[in-house]
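Below is one structure, written out as structure tokens; comments come after it.
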Amino acid sequence: MRLEPWEVTRVAGIAITTVERTLLDLAPYLGIDELVVIADQIVCEHHRSYGREVYPRVELGRLLRYLSGHSGARGMKRLRAAMDLVRVGSDSPPETNLRLLIMRSPLPNFEHNVEIKDAYGRGKVGPDLACEEYKTCAEYDGRHHFTPAQQSSDHDRDFVTKSLGWHQVLINKDDMEAGELVVVTKIARMLVAGGWKDPQNLAQRSIEGRLNTRWDFG
Numbered sequence: 003m004r005l006e007p008w009e010v011t012r013v014a015g016i017a018i019t020t021v022e023r024t025l026l027d028l029a030p031y032l033g034i035d036e037l038v039v040i041a042d043q044i045v046c047e048h049h050r051s052y053g054r055e056v057y058p059r060v061e062l063g064r065l066l067r068y069l070s071g072h073s074g075a076r077g078m079k080r081l082r083a084a085m086d087l088v089r090v091g092s093d094s095p096p097e098t099n100l101r102l103l104i105m106r107s108p109l110p111n112f113e114h115n116v117e118i119k120d121a122y123g124r125g126k127v128g129p130d131l132a133c134e135e136y137k138t139c140a141e142y143d144g145r146h147h148f149t150p151a152q153q154s155s156d157h158d159r160d161f162v163t164k165s166l167g168w169h170q171v172l173i174n175k176d177d178m179e180a181g182e183l184v185v186v187t188k189i190a191r192m193l194v195a196g197g198w199k200d201p202q203n204l205a206q207r208s209i210e211g212r213l214n215t216r217w218d219f220g
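Be aware that the sequence shown starts at 3, since it is given in my numbering, and climbs by one per residue.
This is the structure:
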């Protein structure tokens, strides 16, 4: 393998390929969604009006420019398809997978890096994914959300979100494993509460008996 000097870096004195080159080398061996998950983590950044800033490992434009210089590489067709689905702002692989599920559904568009603001324009909440048109947001609750400290923080987040007139849906690992029916139905119900017309009546689908849901309507 012939590597250019800018495709090699060192960590603890050991020569390794750069983040950009490593993504390129993985392309022949991974599926599109797996590549999207990795690329999302590479380019993730947040510059909200509150809280800490997050800087990308590689800025999206720089990553795209690097890949454009390797058009003949193995797996490039698959990697191009993945890069079309990459978005800036995903904090975790499950969050990326949730976005991809929403993108492939009939639901309206949801985006990362949206700030929910108060009446004075001050940013208060930064949801995982948000549809500003219908004031609806989706939060992925991973394992760390079950610690006492995080549950207390999430309680405050949920309270502020609702106080500002937004409709929030919590999605967890079990929801994602159950698949499109559960996830899309839950999100659709919150969108309808925000004024979405729901032309395919997704919110009316029953999820009775799914996961830990014992009672539902349909």
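Just so it is clear, CB atoms sit at the ideal spot from N, CA and C, and this is done for glycine as well.
Check for me: the alpha helix (DSSP H) holding residue i runs from which residue to which?
| i | result |
| --- | --- |
| residue 125 | Segment 125-127 is the beta strand (DSSP E) holding residue 125; no alpha helix (DSSP H) there. |
| residue 65 | 62-70 |
| residue 81 | 78-85 |
| residue 5 | That residue, residue 5, is in no alpha helix (DSSP H); it is neither H nor E in DSSP. |
| residue 104 | 95-105 |
Once you ignore the five residues that flank residue i on each side, which residues in its own chain have a CB closer than 7 Å to its CB?
| i | result |
| --- | --- |
| residue 117 | 50, 51, 125 and 128 |
| residue 160 | 170 |
| residue 136 | 110, 193, 196, 197 and 198 |
| residue 115 | 48, 90 and 91 |
Tell me which residue opens and which closes the beta strand (DSSP E) that residue i is part of.
| i | result |
| --- | --- |
| residue 45 | Counting along the chain, residue 45 falls outside any beta strand (DSSP E), though it belongs to the alpha helix (DSSP H) covering 34-45. |
| residue 12 | 10-13 |
Between residue i and residue j, how many whole angstroms is the CB-CB distance? I'm expecting something under 8 Å.
| i | j | result |
| --- | --- | --- |
| residue 88 | residue 56 | Between residue 56 and residue 88 the Cβ distance is about 16 Å, and since that is not below 8 Å, they are no contact. |
| residue 221 | residue 44 | Any property of residue 221 remains undetermined from this structure, which presents the chain solely from 3 to 220. |
| residue 109 | residue 193 | 7 Å |
| residue 143 | residue 172 | 5 Å |
| residue 101 | residue 131 | 6 Å |
| residue 3 | residue 41 | Contact doesn't hold; Cβ gap of about 21 Å is too wide. |
| residue 96 | residue 178 | 7 Å |
| residue 46 | residue 93 | 6 Å |
Give me the DSSP bridge partner(s) of residue i.
| i | result |
| --- | --- |
| residue 119 | 125 |
| residue 143 | 174 |
| residue 187 | DSSP output for residue 187 lists no bridge partner at all. |
| residue 132 | 113 and 139 |
| residue 17 | 12 |
| residue 194 | Residue 194 pairs with nothing; no bridge assigned. |
| residue 169 | 138 |
| residue 48 | 56 |
Among residues of its own chain, excluding the 5 on either side of residue i, which ones have a beta-carbon nearer than 8 Å to its beta-carbon?
| i | result |
| --- | --- |
| residue 9 | 19, 20, 22 and 23 |
| residue 72 | 26 and 78 |
Excluding the 5 residues flanking residue i on each side, which residues of the same chain have their C-beta closer than 6 Å to its C-beta?
| i | result |
| --- | --- |
| residue 157 | none |
| residue 180 | 212 and 213 |
| residue 68 | 22 |
| residue 218 | 208, 209 and 210 |
| residue 104 | 112 |
| residue 153 | none |
Query raised in the report: Does the region 24-34 come close enough to the region 74-94 that 3 or more CB-CB pairs lie under 8 Å?
Result: Of all C-beta pairs linking the region 74-94 to the region 24-34, three or more are shorter than 8 Å, placing the two stretches in contact.
Requested in this report: Please determine if the region 198-209 and the region 169-187 are in contact, where contact requires at least 3 C-beta pairs separated by less than 8 Å.
Outcome: Cβ pair count under 8 Å is three or more, so yes.
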